[in-house]
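J.: The structure is given below, and queries will be raised subsequently.
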Amino acid sequence: MARIAIVGDSTSVAGFRPLGFAVFPVEDAGDARELWSELIGGEYGVVFVTEQVYAAIEDLAVEVTDRPIPAVTIIPGAGSAGGVGGAKINRAIERALGTSMLIREEEA
Numbered sequence: 023m024a025r026i027a028i029v030g031d032s033t034s035v036a037g038f039r040p041l042g043f044a045v046f047p048v049e050d051a052g053d054a055r056e057l058w059s060e061l062i063g064g065e066y067g068v069v070f071v072t073e074q075v076y077a078a079i080e081d082l083a084v085e086v087t088d089r090p091i092p093a094v095t096i097i098p099g100a101g102s103a104g105g106v107g108g109a110k111i112n113r114a115i116e117r118a119l120g121t122s123m124l125i126r127e128e129e130a
């Protein structure tokens, strides 16, 4: 059975250990590059990375985009407003549909 891993700063990933995730706190997002071969080696079915980590490993993550395992998912880090993950989902939707979909908030 494949496990779930999460990589990011210690504040962002600390709460995932009690849920059974393999937690990889990194001091610097670039340190995740050294872990990458271990993370994609087959032991982990899903790898969550914070946006800061994804920015440092994006070139490596692209190499596994079309592979079913591991699924690499971007999550916002502690204190992050997000944005990278949403932009990645929008690009995937655009590729799949051939057009972009703008999501508008309804006026109150």
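Start counting at 1 in the sequence shown, then tack on 22, and there's your number in the working numbering. Virtual Cβ for every residue (Gly too), placed ideally from N, Cα, C.
(1) Within 10 angstroms of the Cβ of residue 91, are there 16 or more other Cβ atoms? Answer buried if so, exposed if not.
(2) To the nearest angstrom, how far is the alpha carbon of residue 88 from that of residue 33?
(3) For residue 130, I'd like the list of residues in its chain whose CB is within less than 8 angstroms of its CB, leaving aside the five on either flank, ordered along the chain.
(4) How many Å lie between residue 44 and residue 94 at the Cα?
(5) For the alpha helix (DSSP H) containing residue 55, list its first residue and its last residue.
(6) For residue 76, which residues does DSSP report across the bridge?
(7) Going by DSSP in three states, residue 38 sits in which element: helix, strand or coil?
(8) For residue 72 versus residue 99, is the C-beta spacing smaller than 8 angstroms?
(9) Straight-line CA distance for residue 37 to residue 83?
(10) Are the CB atoms of residue 26 and residue 68 within a distance shorter than 8 angstroms?
T.: This is what the structure holds:
(1) exposed
(2) 30 angstroms
(3) In this predicted model, residue 130 has a pLDDT of only 47, less than 50, meaning its place in the structure is not dependable; the value taken from the coordinates is given anyway. No residues qualify anywhere along the chain.
(4) 14 angstroms
(5) 54-61
(6) DSSP, once it has assigned bridges, lists no residue as partnering residue 76.
(7) helix
(8) yes
(9) 24 angstroms
(10) yes
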